[in-house]
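What the sequence shown shows, in mature numbering (1 follows the signal peptide of the UniProt record, and there is no 0), is residues -24 to -1, 1 to 278, in sequence order. Report on one structure; see the data block that follows.
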Amino acid sequence: MSKHIRIAALLAAMVAVGGWTASAAQPETAAPGARNTFPVLDKDGKRLPDYTIPSDTQIAAQPNAEQINYGKRLLTETRRLLPQNTGASMNCNSCHVQGGKKPMGAPYINTVNTFPQFNPRANRVVTLEDRINGCFMRSMNGKPLEKDSAEMKAMIAYMKWLAQDVPHGARVQIENAWPMDTKLVPDPVRGKSLYAAQCASCHGANGEGKRDRSGDIAFPPLWGDESFNIGAGLARTYKAAAFIRNSMPMGVNTHGSWGEGGVLSDQDAVDVAEYFTHMPRPDFAGKDKDWPQGKKPKDARY
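This is the structure in structure tokens:
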């Protein structure tokens, strides 16, 4: 093997996977060939002006730019800025790739315009504030924010800015996650091998995650005491697989930007998700209140 090939292989291994949410900057502009403009339909299916994913450089022109930028920082540096509300070594953008802008990477783009909405897990209509606090209690294994706090308002301000001028009830035609077939049978033994090959270089051999030299989260832990608890959506096999299918692993491709995914097949994603979601993680105290009318998904952890 030539020296150049060995170096390329080493670099690929070093960046092979991960919920990239570090304080390091992520690319702002779309990669060559990447789509950043999407059609918009109102609640009746009528076509509205197209939506273009905005650059963060545009925030400065907003009258509440300071609030929007604070919200952006809170979503990216959640654990560091809100240690009292986060038990896990996670950031909001551990799961919302590229600052909530990536198609199939849990984007925030439609968020403010789809709440309030019915939540089947809670069996009630929830507000956006409720949903954010649900993430704090589940994905962050932490405590909720005060709904009228400056932090809550700032995060929603960023999401509102990201929605641009799309009216409430209309929807940008962008997918949240890959449509995963829940009939696929997961193989956790195969998933363990896939994790070692594709995920461990960033998330750690024991799912412990990795930090940069300043101690900030570079790649979040996928199991253990500092990871999300069993009440989180990503603790479910098919939910996790739908996310990682097109957003993980990172840095493997020779095209695209961080979080482009497209390396794993549907079966690969289900297998690796089955492996890491069933590793030990914190319990969730409110689990007995979930799905009070039944119809609990088959991949729920409890």
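Glycine residues also receive a C-beta, built at the ideal position from the N, C-alpha and C atoms.
Quiz item: So who's on the other strand from K215, going by DSSP bridges?
Solution: BP columns for K215 are empty, so no partner.
Exercise. Go through the segment 150 to 206 residue by residue and report every complete run of the alpha helix (DSSP H) that reaches 4 residues or more, in order.
Key: 164 to 174, 176 to 179
Exercise. With DSSP collapsed to three states, give me the class of P59.
Key: helix
Quiz item: Would A139 be called buried (16 or more neighbouring beta carbons within 10 Å of its own) or exposed?
Solution: buried
Quiz item: Taking the C-alpha atoms as reference points, what is the distance between K78 and S70?
Solution: 12 Å
Quiz item: Shortest alpha-carbon distance to I132 belongs to which of K19, R107, N117, V16?
Solution: R107
Quiz prompt | Supposed contact pair A208 and S115 - C-beta distance, whole angstroms, cut 8 Å | solution = 4 Å
Quiz item: Mapping DSSP to helix, strand and coil, what is T253?
Solution: helix
Self-check item: Beta carbon of T62 nearer than 7 Å to that of G110
Solution: no
Practice problem: On the DSSP bridge assignment, give the partners of L24 in chain order. | Solution: V16
Exercise. Rank P39, A64, C68, A41 by C-alpha distance to the C-alpha of E53 and give the top, closest one.
Key: C68
Self-check item: Cα-Cα separation between M226 and K215, rounded to whole angstroms
Solution: 19 Å
Quiz item: Hey, would you say W267 sits closer than 7 Å to R100, going by beta carbons?
Solution: no
Practice problem: Would you check if there are 3 or more beta carbon pairs closer than 8 Å linking the segment 157 to 174 to the segment 80 to 99? | Solution: no
Self-check item: C-alpha distance - K263 paired with Y278, whole-angstrom precision
Solution: 7 Å
Self-check item: Boundaries of the alpha helix (DSSP H) in which V73 is found, first to last residue
Solution: 73 to 76
Self-check item: Simplified DSSP assignment, three categories, for F112
Solution: helix
Quiz item: Taking just the CA atoms, how far does T213 sit from E202?
Solution: 19 Å
Exercise. Please determine, among M135, E122, D157, P25, the residue with the shortest C-alpha to C-alpha distance to K274.
Key: D157
Practice problem: Determine the contact status of G47 and Y134, defining contact as a CB-CB distance below 7 Å. | Solution: yes
Quiz prompt | Contacts around A249, its chain only, beta-carbon distance under 6 Å, and the 5 residues preceding and following it disregarded | solution = T213, A216, A217
Practice problem: Sort F204, R221, Q243, K129 by Cα distance to D259 and report the nearest one. | Solution: F204
Exercise. Kindly indicate which three-state DSSP category V142 falls into: helix, strand or coil?
Key: coil
Quiz item: Rounded to the nearest angstrom, how far is the Cβ of Y27 from that of V165, given a contact under 8 Å?
Solution: Not confirmed; about 43 Å, so no contact.
Quiz item: In whole angstroms, what is the alpha-carbon distance linking I150 and Y84?
Solution: 10 Å
Quiz item: Should G185 be labelled buried (16 or more other beta-carbon atoms within 10 Å of its own) or exposed?
Solution: buried
Quiz item: Alpha carbon to alpha carbon, how far is A261 from L24?
Solution: 44 Å
Self-check item: Nearest-angstrom Cα separation, counted from K123 out to D32
Solution: 25 Å
Quiz item: With respect to the alpha helix (DSSP H) encompassing Q43, which residues constitute its N-terminal and C-terminal limits?
Solution: 41 to 52
Practice problem: For the beta strand (DSSP E) containing N117, list its first residue and its last residue. | Solution: N117 -> no beta strand (DSSP E), and no H or E assigned at all.
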